[in-house]
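Okay, here's the thing in structure tokens:
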């Protein structure tokens, strides 16, 4: 049977990294939306429609990825909390 080892500090760091990346994506999406709005004011017709369609797909995909990263961060945080509780409970078994 393979041994599995996890560092709580590494998991905390990973969870924070995921949250930071998700927040960065959200900020970048806000910036992109502002740029798209400005860009669309200079184009009309098929060019504007095609770019808007592309932009909407990009925005939806990025927003979904950001949401997934936030969910992964929350799940990791819950796992860390459960591991800490389990460790504390086990330690309590050795204390009098």
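Numbering (our numbering), first residue to last: 235 to 330. For glycine and all other residues, C-beta sits at the position ideal for the given N, C-alpha and C.
Collapsed DSSP secondary structure at residue i in the structure displayed
| i | result |
| --- | --- |
| residue 276 | coil |
| residue 329 | coil |
| residue 334 | The requested residue 334 is not part of the displayed model; the chain covers only 235 to 330. |
Residue from the options whose Cα sits closest to the Cα of residue i
| i | options | result |
| --- | --- | --- |
| residue 331 | 269, 311, 319 and 327 | No information on residue 331 is available, as it lies outside the stretch 235 to 330 that the chain covers here. |
| residue 309 | 241, 325 and 245 | 245 |
| residue 299 | 317, 267, 257 and 247 | 257 |
| residue 243 | 277, 319 and 314 | 314 |
| residue 254 | 317, 323 and 304 | 304 |
Close beta carbons around residue i, own chain, < 7 Å, minus the five adjacent residues each side
| i | result |
| --- | --- |
| residue 296 | 259 and 263 |
For residue j and residue i, the rounded distance between their alpha carbons
| i | j | result |
| --- | --- | --- |
| residue 291 | residue 284 | 11 Å |
| residue 277 | residue 294 | 22 Å |
| residue 248 | residue 307 | 8 Å |
| residue 239 | residue 302 | 25 Å |
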